[in-house]
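As you go down the protein sequences, you meet chains A and B in turn.
Residue 1 is where the first sequence starts when you use the UniProt record's numbering, and the numbers rise one by one after that.
Residue 1 is where the second sequence starts when you use the UniProt record's numbering, and the numbers rise one by one after that.
For each residue, glycine too, the CB sits at the ideal point set by N, CA and C.
What follows is a short report on a single structure.
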Amino acid sequence: MRYHRPNLDVLAHTILIIGALIFMLPVVLAVLASTQTPGALFSGTLPLWFGGSGLEHYLTLLSEPVRGVGVPAWQLMLNSLLMALGIAIGKLVFAILAAYALVFFRFPFRRCCFWLIFVTLMLPIEVRIVPTYGVVADLGLLDSYPGLVLPLIASATATFLFRQFFMTLPPELMEAARVDGAGPWRFFIDILLPLSRTNIAALFVIMFIYGWNQYLWPLVAMSSADHATVVMSLKRLTISMDGTPPWHLATAMTVLALLPPVVVIVLMQRWFIKGLVDTEK
Amino acid sequence: MAPQLLIVLVFFFWPAITALRQSLYVQDAFGLGETFAGLANFTRVLASQSYHEALFNTAIFSVSVALGAMGIALLLATMADRVLRASRVYRTLLIWPYAVAPAAAGVLWMFMFDPTLGVLSRALAALGVHWDFRLNGHQAMALVIIAAIWQQMSYNFVFFLAGLQGIPASLLEAAAIDGAGPWRRFWTITFPLISPTSFFLLVMNTIYAFFDTFGTIDTTTSGGPGGATRTLVYKLYQDGIVGLDLGGSAAQSVLLMLMVGLLTLVQFRYVERRVQYH
């Protein structure tokens, strides 16, 4: 049959395998380099297997203050985790409450509220970075966890998704709940939340990755080492006076920075795909 | 409702309005007073050589990233769509770069291209190309483009694969029976049917290249050498946060807002149309 061509399948597999390998190459090389002793790394021969330092660089980074940052990497990772969780949970809570109000309640200026939230879709924080810094400084929130998290929560993607989802629910659901004597709060807790479980999981994965990978805002607003995150600290290890960075540490730090979100995406792949495709529709 | 509205008002509208206001004023050197300047900030920014350069860099960068990341993703997604049973495995192998921070992606590729011990710079040296992105502006641009493509490809791959799997197999079978080969089938059936996905991805890739790549550029080239990789957002950061030129950076903010607003509008018109006709 013309439709099925086995040799094309072989070609497809070959291209895919080559593609997957190319995409893995930078991370594999970084992992290998992070296990080399500085001497072996800078001697000039290409290290293509694990080196003599093993996990030493990782342990150094995690336990001793990182060069140019001032705190050990475990604290940076903890700050990143707090920021990612804060952003993910904060966005979910605000979004689900706002969507609930927008869909199930009639109140004055409802359309106006909707548009106020809606326009925020357009502007990533990078665009309004200077005035946002001013606002957060005026509120005295620089170098604090609320200052790190709150400006990044101001976005509408999640609100939209929940709004779309709530609007697909049949109105009979709410009427039935009312007939059975459930108040608005009860309806929200016992009916809406369980129904939204998959949406919540999917959005959580997306928002966690988004939060963990933030770079510019923490860099600008968190000047003290106590609130520094691991992603924003990468640059401290890649700039150097004599041109060549301390690559044995820089690669180890990069691996530390990319490991948690990559693990999340691989383990929760199903939710991730759903979240990604849903948020953009 | 109320909490989100409050957050949005304080951390979104307040800054946006401040930017609008600041863009119309000129601050003195000590930040003590300001005078109304009308559109002077805008004319100053739009007339400056460095803004033109940043605009040009951003254009080159976004077009390269969008075309590169979408081209590779479409190729891989088409292949993955062929081998249905294994496509989930390949999807796992190809989507994880999405989770890597743009800043980390920059560091990974900077290591590959390190002038003294990078794998790729050595390979290039063997081919007779002298590689040093710290001195050569074109090479620096190539480095950040490659890092951004590497990171953004997985996003496009997810959407292209979903789009391809949504094409009814009966259409392709009918074409095969009529004697259309795989190449012909791709260009006459598959490609037109995924064009809405492609258009959507084009907008998303442009937005990614405009904003999310700040980390990629900052960790690797810091906008250099000599401003060769200074994009609009990078210039905004340098002028506003480092250079403390409030009026000028606010004007740049407003200009960027207009550009994104335009993109979003285009996107919306397209979404509306899709809802109507499909």
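Boundaries of the alpha helix (DSSP H) harbouring Trp217 of chain A: 216 to 221, taken from the DSSP string. For Met259 of chain B, no Cβ of chain A is located within less than 7 angstroms of the residue's own Cβ. In the structure shown, Pro171 of chain A adopts helical secondary structure according to DSSP, grouped into three states. For Ala142 of chain B, the nearest beta carbon of chain A is not closer than 7 angstroms to its own beta carbon. Look at Pro65 of chain A here: in three-state DSSP terms it is strand.
Residue B:Pro102 holds the alpha-carbon nearest to the alpha-carbon of Lys235 of chain A among B:Ala142, B:Gln267, B:Pro102. The DSSP-derived three-state label of Pro168 of chain B is coil. For the 7 angstroms CB-CB criterion, Leu143 of chain B and Phe113 of chain B form a contact. Val100 of chain B is positioned such that its CB atom lies no closer than 7 angstroms to that of Leu62 of chain A. The continuous alpha helix (DSSP H) containing Trp109 of chain B extends over residues 102 to 112. Chain B has a Cβ within less than 7 angstroms of the Cβ of Asn213 of chain A. Note: Pro72 of chain A is bridge-paired with A:Pro65 in the DSSP secondary-structure output. With respect to the C-alpha of Arg21 of chain B, the residue from B:Thr264, B:Leu263, B:Gln252 having the closest C-alpha is B:Gln252. For Asp239 of chain B, the secondary structure class from DSSP, reduced to helix, strand or coil, is helix. Below the 7 angstroms Cβ cutoff, chain A contributes Leu234, Lys235, Thr238 as neighbours of Thr219 of chain B, in chain order. CA-CA distance, Gln165 of chain B to Ser222 of chain B, rounds to 41 angstroms. The criterion of a C-beta distance shorter than 7 angstroms is satisfied by Thr229 of chain A and Asn79 of chain A.
The residue from B:Gly163, B:Phe13, B:Tyr51, B:Ala228 with its alpha-carbon nearest to that of Trp115 of chain A is B:Phe13.
Non-local beta-carbon contacts of Tyr58 of chain A in its own chain, meaning distances under 6 angstroms to residues more than five positions away in sequence, involve Ala252 in chain order. Taking a contact to require three or more Cβ pairs closer than 8 angstroms, the segment 196 to 206 of chain B and the segment 175 to 184 of chain B do not qualify as touching.
Per DSSP, Asn205 of chain B is one residue of the alpha helix (DSSP H) stretching across 195 to 207. The Cβ atoms of Ala225 of chain A and Thr238 of chain A lie no closer than 7 angstroms to each other. Between the alpha carbons of Val45 of chain B and Val233 of chain B lies a gap of roughly 14 angstroms. Looking at the backbone, the Cα of Asp81 of chain B and that of Leu11 of chain A are separated by about 13 angstroms. The DSSP-derived three-state label of Trp96 of chain B is helix. In the structure shown, the three-state DSSP call for Arg163 of chain A is helix. With a threshold of 7 angstroms between beta carbons, Asp138 of chain A makes no contact with chain B.
Neighbours of Val233 of chain B in chain A, taken as residues whose beta carbon is under 7 angstroms from its own, are Glu126 in chain order.
Among the residues facing chain B, Ala30 of chain A is included, as its CB has a counterpart in that chain under 7 angstroms away. The Cβ atoms of Gly240 of chain B and Val135 of chain A do not sit closer than 7 angstroms to each other.
Looking only at A:His227, A:Gly275, A:Val262, the smallest Cα-Cα distance to Pro72 of chain A is reached by A:His227.
Excluding its 5 nearest sequence neighbours in each direction, Ala158 of chain A has C-beta neighbours in its own chain below 6 angstroms: Lys91, Ala95, Leu203, listed in chain order. Inter-residue distance for Arg197 of chain A and Leu102 of chain A is about 19 angstroms (C-alpha atoms, whole angstroms). Per DSSP, reduced to three states, the secondary structure at Leu141 of chain A is coil, with no helix or strand assignment. When Cβ-Cβ separations below 7 angstroms define contact, Gly19 of chain A makes contact with chain B.
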